[in-house]
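Asker:
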Amino acid sequence: MKIIDGTNAVLGRLASYVAKELLKGEEINIMNCEKVIITGNQKTTEREFSDKRSRFGHSQKGPKHIKTSDRMVKRVVRGMLPNHRFGRGRQAWKRLMCYNKVPKEFQDKKMIKAGKPKTCKYSEVKEFSK
761 MKIIDGTNAV
771 LGRLASYVAK
781 ELLKGEEINI
791 MNCEKVIITG
801 NQKTTEREFS
811 DKRSRFGHSQ
821 KGPKHIKTSD
831 RMVKRVVRGM
841 LPNHRFGRGR
851 QAWKRLMCYN
861 KVPKEFQDKK
871 MIKAGKPKTC
881 KYSEVKEFSK
């Protein structure tokens with residue numbers, strides 16, 4: 761089992777690494793999903809999220825757009841897996857857990873640092889969650 765600290769990790773790079781490890785058969789827990797960053801202009805990113813959330817379909821069928829930061833990170837990883845409904849994509853999806861903070865059972869365990877401080881334009885995932 762791998763425990764990854766998502767602080768200052770770029771969302772897309774973290775998701776592609778996690779997807780590859782899940783397909784190899786690893787169990788992965790991502791901590792501090794609120795502190796994962798999205799690079800680029802904040803206003804543009806904010807506009808994209810608000811446009812996506814303003815579109816709605818049938819109230820029971822969806823599309824449902826996720827608003828919590830841990831589920832947003834998990835959704836990005838899901839997009840990088842092969843079909844998440846069947847076969848190995850589904851099995852890989854079940855091996856992933858995401859947390860906004862570090863739970864008590866993982867506090868004393870060793871974590872893999874996924875990110876470094878950035879100097880470019882970025883915004884954290886928690887700015888787009890509710």
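Numbering (this note's numbering), first residue to last: 761 to 890.
Don't be surprised by glycine CBs; every beta carbon is placed ideally from N, CA and C.
Look at the Cβ atom of Gly-766, then the Cβ atom of Ala-874, and state whether they are nearer than 7 Å.
Answerer: Yes, Cβ-Cβ distance for Gly-766 and Ala-874 is below 7 Å.
Asker: Since Ile-798 and Ser-883 should fall inside the 8 Å C-beta cutoff, what is the C-beta to C-beta distance between them, to a whole number of angstroms?
Answerer: Contact holds; Cβ gap of about 6 Å.
Asker: If you follow the alpha helix (DSSP H) that Tyr-777 is in, where does it begin and where does it stop?
Answerer: Here the alpha helix (DSSP H) through Tyr-777 covers 771-784.
Asker: In the DSSP assignment, what residue or residues form a beta bridge with His-818?
Answerer: Answer is Gly-822, bridged to His-818.
Asker: Span of the alpha helix (DSSP H) holding Met-791?
Answerer: That residue, Met-791, is in no alpha helix (DSSP H); its beta strand (DSSP E) goes 788-791.
Asker: Does DSSP put Met-832 in a helix, in a strand, or in coil?
Answerer: Looking at Met-832 - three-state DSSP - the assignment turns out to be helix.
Asker: Near Lys-876, which residues of its chain fall below 8 Å by C-beta distance, leaving aside the five closest residues on each side in sequence?
Answerer: Only Asn-768 meet the Cβ criterion.
Asker: Rounded to the nearest angstrom, what separates Asp-868 and Met-791 at their Cα positions?
Answerer: For Asp-868 and Met-791, the distance between alpha carbons rounds to 13 Å.
Asker: Mind checking Met-832: buried by the 16 CB within 10 Å criterion, or exposed?
Answerer: Buried is the call here.
Asker: Thinking Glu-806 and Ser-829 are a contact (beta carbons under 8 Å), I'd like their distance in whole angstroms, please.
Answerer: Actually they are not in contact, since the Cβ atoms of Glu-806 and Ser-829 sit about 14 Å apart, beyond 8 Å.
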